[in-house]
Amino acid sequence: VVLSAAAALALAPGADVVGTVHGVREYGVLVNMPDVDPDAVGLITFHQLPLTAEAAAAEVTEENAAEVAGVHDGAAVVGRVLDVSRREGVVDIGARAALTGASAVAASTTPSKKAAPKAAVAAAKK
Numbered sequence: 004v005v006l007s008a009a010a011a012l013a014l015a016p017g018a019d020v021v022g023t024v025h026g027v028r029e030y031g032v033l034v035n036m037p038d039v040d041p042d043a044v045g046l047i048t049f050h051q052l053p054l055t056a057e058a059a060a061a062e063v064t065e066e067n068a069a070e071v072a073g074v075h076d077g078a079a080v081v082g083r084v085l086d087v088s089r090r091e092g093v094v095d096i097g098a099r100a101a102l103t104g105a106s107a108v109a110a111s112t113t114p115s116k117k118a119a120p121k122a123a124v125a126a127a128k129k
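In my numbering, each residue carries its 1-based index in the sequence shown increased by 3.
#1: Using 8 Å as the threshold, is the segment 66-73 in touch with the segment 87-97, meaning 3 or more CB pairs across them?
#2: For Ala101, which of helix, strand or coil comes out of DSSP?
#3: Under a three-way DSSP split, which group does Leu6 fall into?
#4: Between Ala11 and the rest of its own chain, which residues show a CB-CB distance below 8 Å, the 5 nearest in sequence each way excluded?
#5: Along the chain, where does the beta strand (DSSP E) that runs through Leu54 open and close?
#6: Where does Ala18 sit, in a helix, a strand or coil, going by DSSP?
#7: Taking Arg83 as the reference, give the member of Asp40, Tyr30 and Arg99 with the closest Cα.
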C-alpha cells in the first residue's frame with residue numbers, strides 16, 4: 004500500500020494525528036487513521052505509549068504496556084508522527100504526553116466514529 008502524496012504531506016513527521024486503535028500486537032498498537040488515509044496503518048510501539056504517573060511507577064513490560072496505558076480496541080488515540088514509510092503505508096506514532104501535551108488515550112470507546120477523535124484532539128490542544 005503506497006500512501007498518496009496528500010496523505011504523505013498530512014502525515015509528515017511532527018504532525019499531530021488522531022486515530023482509533025484496531026489491534027494490540029506483540030510489537031505495538033495498530034491504529035486506523037481514516038480521516039487521513041484509509042489505507043495507512045499507524046503503529047505505536049510500547050515504549051511510545053502514554054503512561055500516567057501511577058503507571059510510570061508500576062513495573063511496565065511489553066506484555067502489560069497496552070493495558071497499563073489504557074489502550075484497547077476502539078479507543079481513540081492522539082499522537083505525533085515520528086516517521087512514515089510511504090511505500091509500506093506505515094506511520095510510526097509517538098503518544099507519550101511529552102510529545103502530545105496531554106493524555107493520548109480517550110477514556111470512552113467512541114460515542115460516534117467522528118466525535119471521539121475530535122474530542123481527543125480538543126483535549127490535546129488544551
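Just so you know, even glycine gets a beta-carbon here, dropped at the ideal spot from N, CA and C.
On the basis of the data shown:
#1: With a cut-off of 8 Å, the segment 87-97 and the segment 66-73 do not count as touching, because too few Cβ pairs lie within range.
#2: DSSP places Ala101 in helix when its eight states are reduced to three.
#3: Reduced to three states, the DSSP call for Leu6 is coil.
#4: The beta carbon of Ala11 lies closer than 8 Å to those of Val87 and Arg89 in the same chain, with the five residues before and after it left out.
#5: For Leu54, there is no enclosing beta strand (DSSP E), as DSSP marks it with neither H nor E.
#6: Of the three classes helix, strand and coil, the one that applies to Ala18 here is coil, per DSSP.
#7: Per the Cα distances, Arg99.
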